[in-house]
Amino acid sequence: MKLVVIGNGMVGHRLLEELSAAALPDLHITVLCEEPRPAYDRVQLSSFFSGKSAADLSLVAPGFFERSGITLRLNTRASAIDRARRQVTTANGDTLHYDKLVLATGSYPFVPPVPGSDRPDCFVYRTIEDLEALREAGRRARVGVVVGGGLLGLEAAKAVQDMGLVTHVVEFAPRLMAVQIDDGGGRLLRSKIEALGVTVHTQKNTVEIVDGDTARHKLRFADGTELETDLIVFSAGIRPRDELARACGLAVGPRGGIVIDNHCRTPDDDIYAIGECALWNGKIYGLVAPGYEMARVCAAHLAAGLAAERRATQPLPAFHGADMSTKLKLMGVEVASIGDALGTTPGAQVCLYSDERKQVYKKLVISADGKRLLGAVLVGDAGEYAALLQMMRSGSALPDRPELLILPASDGADKSALGVDAWPDTAPVCSCNNVAKGAVCAAVRAGATSIGAIKSATRAGTGCGGCVPLITQIMKAEMKKQGLSVNHHLCEHFAYSRQELYHLVRVGGIRDFATLLARHGKGLGCDVCKPVAASIFASCWNEFVLARDKAALQDTNDYFLANLQKDGTYSIVPRIAGGEITPEKLIKIGEVAKKYRLYTKITGGQRIDLFGARVDQLPLIWQELIDAGFESGHAYGKAVRTVKSCVGSTWCRYGVQDSVGMALKIEHRYKGLRAPHKLKLAVSGCARECAEAQSKDVGVIATEKGWNLYVCGNGGMKPRHAELLAGDLDEQTLIRYIDRFLMFYIRTADRLQRTSTWRDNLEGGLDYLKDVIVHDKLGIGAELEAEMAQVIGSYVCEWKKALEDPQTRKRFRSFVNGDGVDEHVVFVEERGQIRPATPAEKQARFKGIAVVNEPA
Amino acid sequence: MDGSNAPACWHDVCGLDDIWPDTGVCARIAGRQVAVFRLRDDRLFALDNYDPAADANVLSRGLVGNLGERLVVASPVYKHHYDLVTGACLDDPALAVRAYRVRLVDGRVQVAV
Ligand SMILES: Cc1cc2nc3c(=O)[nH]c(=O)nc-3n(C[C@H](O)[C@H](O)[C@H](O)COP(=O)(O)OP(=O)(O)OC[C@H]3O[C@@H](n4cnc5c(N)ncnc54)[C@H](O)[C@@H]3O)c2cc1C
Ligand code: FES
């Protein structure tokens, strides 16, 4: 069967994913995509302004089209549908036959037909290209106006303000977000937004746009007033893209939208419509979740059609409409609208809590009989959103005093009715991916006990991420029910998590293991808690790791300051900060390697690893390296490893900043910093990102204006893109944020938890991290910086120190009672270098000599 | 252990101070590599230095401690735990290393091989 899909937007792409997951035989799919790139996350479009690239926003899993055999035609607009011939014509004149056709054409921004609205530097806000053009114009503008004070208009206003422009919002209605919230909520929202420096003009009807006197344009309003601006963004609503459907005679609504039934079928059995272009039961849904639901329904219907001969045993899923409740953060202000927010249901009663000092506004809309919740508005604090939404949807009975649901807890409110325990399994918890509470609980019962695991098992939380705190709550409640104590005890010796232990060490000023064990633990310790304690001592006090009382706690790598390899020998990695090295030093490494017959390999962190050194050789080798000006690279420690860099503006034609210089600064600042796991950093000199900073724990990317800071990325086994923590920072602020970020991670992460997993399990997610690091909401910024300063101030090269101390140096020997070497370490040559011999090779060599312990 | 019926003879290894508390050292005794451990309370233990799970002579470089009632060393390669008293491997019953008797005489550590 030939399926043609027109539009590769968010919903169209979800359809492809559903179909690909169903792995239907004999299905050939062609997708016509008008835009120059495949599907991307339009919901997160604004993050383009905070540094996300088009690639970051992509919704297409790597290799998706190749794997699923779907033909994608970019830059290809469908221009006509011939229903009789079942053909689609493209703008460049090709025709394609279809058996089934899906329209997923989305909508377009409505631009009011005001004279002058087509002047240059007038924009809309829908595609990446729109934003690129807007950003370009923003560079040469001083003032920006957004026409439209709805949800999208306010998002656009934030973008305009972030570009550093004086920002105005012009709204026709008497309040902001007129569709979603009431007058009281709108008033509060307005005052909050104005406090952020955006001027709001309501009840303004733009009649004309002409040349300005002080700026490029002048808007003239019906009431005779005027406003001058350099650029304009129109965000006055959206209209379904139903032009193809109209032209081929499919039914459309009076105000647009392709008419569909409960299976997303148009009156033509072979044509479906889904997403924002579709009109169901007289309604258009301008949100992505209902669109995703349509994609699911449509995919099931298509699949059933293919398998028509097999009798359908299950009823097909159908679309039953969707609720338009939303919760969002607009310019940092939480706003939520649930159900009948405006109270239009006959007889509806209102219960209101508003506090202008605390800047919160909360309203419940209650049924005439006082028994059920019909809707709600929350502005300033939307903490109760999920619970109220659930109450409204399930129609469950309201508690006796519903006002307590929205009163602050300190005023004696009983919020137990809001608790997740009281929710039925069918309660939706992640609207982006349509996941119910029951699915999350089932995943917990099947063994998913971290947010990361829940995400991969259920998809919940992988969309906008807004539901993660709620899912965490449900996960914990279910774990408790299952008797799975949320046990983070380090080991049998310490009934504390690493984070708690860190706190005990720091607050108690504990500097040695014996004291720690006596005060907070039991037994002798083990190979789990000892290195953790050593790492915490190092992070807190940065004393010499090989001091007599510390040495016994160290894993062999830290004990010998080198990396143990499988045959019992060690490898050595001198620090090559930023990957920059002089020819003299390069030659020195070569000489040392040659002299001690070491295997050499370039690492991914732009350094050189020397393999095959025996314990007794380590001090000799390091003496030579230190004399030549090298220092420890800490490759052996759970510590800051490398700061990778590209060559940057010094040499590169495209570089915009000196990335090598910055990498050196960062590496020398944090070198040797001990952490719960190893830390990798990188600095790229421009957006081309040659240093792959977005796969690092801390990634810095140069911009025209400064530096973008990315955090919590990972390469390796579980690749994870780093996320933008803050953009366009000057050097001082950049360093301050990295200080805070690293120390916060060191304080709070679990044992052997990389920043990426730590972040995935962080309640509140990226927003919370920003609050702590950038906005200093916990008020610990200065403390974190001071702790970091202490560690940095006490840095010494561990190898230098080890060589200077005869007691320590003495420990580097293979045998306590004599010299000699381990005869079990055998090398053979391969490609001009040594490598460990295989057991068979060793046997051959030892032929005639009794082998005491034969490997199995 | 298979050493029990062999005639054992005490060998001088090193001074007590040559082994830092809660660490091990490797000694060459009669052609064998023996890992000798000293706990914080100066109790001494000796095992083969060879870790059969890793096929490498590394046990003297492991971390010592306890798991429940048993005193153990964790091999630095794949973290198998060996009982300091018996040499049994806690993670894999098929594996074991030889355990030796150790004593302290006039500040000197001696091992019976
Ligand atoms: C800035 C912004 C913020 C948003 N925030 C949220 C939010 O927080 N929450 C939320 O739920 N929703 C939000 N939305 C709405 C959400 O993005 C849409 O609901 C969703 O994208 C709809 O998906 P769709 O596939 O129906 O349409 P689209 O994503 O618009 O995709 C339609 C695609 O079809 C293509 N197309 C159209 N006609 C043709 C043709 N003839 N031939 C070929 N291709 C064609 C278009 O170019 C487009 O690529 C936001 C939208 C924007 C713009
Ligand atoms: S609600 Fe958006 S990810 Fe769950």
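As they're listed, the protein sequences go chains A and B.
Here full-length UniProt numbering is used: the first residue of the first sequence is 1, the next is one more, and so on.
Here full-length UniProt numbering is used: the first residue of the second sequence is 1, the next is one more, and so on.
Yeah, the Cβ is synthetic: ideal placement off N, Cα and C, and Gly gets one too.
query                                                                                                                                                                                         : result
Assign A/ALA702 to one of three DSSP states: helix, strand, or coil.                                                                                                                          : strand
So with Cβ pairs under 7 Å, would you call A/GLU841 a contact of chain B?                                                                                                                     : no
Using DSSP's beta-bridge definition, name the partner residues of A/SER337.                                                                                                                   : A/THR326 and A/VAL377
Using a Cβ-Cβ cut-off of 7 Å (strictly less than) and excluding sequence neighbours within five positions of A/ARG641, which residues of its own chain qualify?                               : GLY605, HIS634, ALA635, LYS678, LEU679 and LYS680
Tell me, to the nearest whole angstrom, how far the beta carbon of A/LEU598 is from that of A/ALA613; I am working on the premise that it is less than 8 Å.                                   : 6 Å
To the nearest angstrom, report how far apart A/PHE513 and B/ASP106 are at their CA atoms.                                                                                                    : 29 Å
I'd like to confirm something about residue 864 of chain A: is its beta-carbon nearer than 6 Å to some heavy atom of ligand 1, or not?                                                        : In this structure chain A extends from 1 to 856, so residue 864 of chain A is not present and cannot be described.
Quick one: what's got a C-beta closer than 8 Å to A/ASP211's C-beta in the same chain, skipping five residues either side?                                                                    : HIS217 and LYS218
Across which residues does DSSP place A/GLY655 in a beta bridge pair?                                                                                                                         : Note: A/GLY655 sits in no beta bridge, so no partner.
Answer yes or no: do A/ASP645 and A/SER632 have a C-beta to C-beta separation smaller than 7 Å?                                                                                               : Position check: residue 645 of chain A holds Ser in this sequence, whereas Asp was assumed. Going by C-beta atoms, A/SER645 is not nearer than 7 Å to A/SER632.
Unbroken beta strand (DSSP E) runs of length 3 or more, entirely within the segment 145–195 of chain A: which are they?                                                                       : 166–170
Can you find at least 3 beta carbon pairs, one from the segment 710–723 of chain A and one from the segment 487–503 of chain A, that sit closer than 8 Å?                                     : no
Quick test of the definition: if touching needs 3 or more C-beta pairs under 8 Å, does the segment 245–256 of chain A touch the segment 198–206 of chain A?                                   : no
Between A/PRO112, A/LEU766 and A/HIS263, which has its C-alpha nearest A/HIS320's C-alpha?                                                                                                    : A/HIS263
Closest Cβ-Cβ distance between A/HIS520 and chain B: below 7 Å?                                                                                                                               : no
Name the chain B residues whose beta carbon is nearer than 8 Å to that of A/ALA551?                                                                                                           : TRP20 and THR23
So, B/SER75 versus B/LEU90, is the Cβ gap smaller than 7 Å?                                                                                                                                   : no
When you compare each of A/LEU709, A/ALA133 and A/GLY237 to A/ALA682 by their alpha carbons, which one comes out closest?                                                                     : A/LEU709
According to DSSP, simplified to helix, strand and coil, what is A/SER794?                                                                                                                    : coil
State the start and end residues of the unbroken beta strand (DSSP E) segment that holds A/LEU72.                                                                                             : 71–73
Tell me whether A/ILE406 sits in a helix, a strand or coil according to DSSP, three-state version.                                                                                            : coil
What does B/LEU104 pair with, by DSSP beta-bridge criteria?                                                                                                                                   : B/VAL109
With burial defined as no fewer than 16 other Cβ atoms inside 10 Å of the residue's Cβ, what is the status of A/HIS97: buried or exposed?                                                     : exposed
Listed from N- to C-terminal order along the chain, which residues in the segment 558–577 of chain A have their beta-carbon within a distance smaller than 8 Å of any beta-carbon of chain B? : TYR559, PHE560, LEU564, LYS566, ASP567 and GLY568
When burial is assigned at 16 or more other CB atoms within 10 Å of the CB, is A/GLN203 buried or exposed?                                                                                    : exposed
For a test of the three-state rule: what should DSSP assign to B/ALA99, helix, strand or coil?                                                                                                : strand
At the level of alpha carbons, what is the spacing between A/THR90 and A/LEU3?                                                                                                                : 15 Å
Count Cβ pairs between the segment 331–350 of chain A and the segment 369–379 of chain A that sit closer than 8 Å; are there 3 or more?                                                       : yes
Under the criterion of a Cβ to heavy atom distance below 6 Å, does A/VAL11 qualify as lining ligand 1?                                                                                        : yes
According to DSSP, is A/TRP423 part of a helix, a strand, or is it coil?                                                                                                                      : coil
Counting pairs of Cβ atoms below 8 Å between the segment 356–364 of chain A and the segment 377–384 of chain A, do you hit three or more?                                                     : yes
DSSP on B/ARG70, reduced to helix/strand/coil?                                                                                                                                                : strand
DSSP three-state call for A/GLY806: helix, strand or coil?                                                                                                                                    : For the sequence presented, residue 806 of chain A should be read as Pro rather than Gly. Here A/PRO806 sits in helix by DSSP.
Exposed or buried, what is A/HIS775 when buried is set at 16 or more other beta-carbons lying within 10 Å of its beta-carbon?                                                                 : exposed
Can you tell me where the alpha helix (DSSP H) with A/HIS503 in it begins and where it stops?                                                                                                 : 498–508
Do the segment 729–747 of chain A and the segment 467–474 of chain A touch if we need at least three Cβ pairs shorter than 8 Å?                                                               : no
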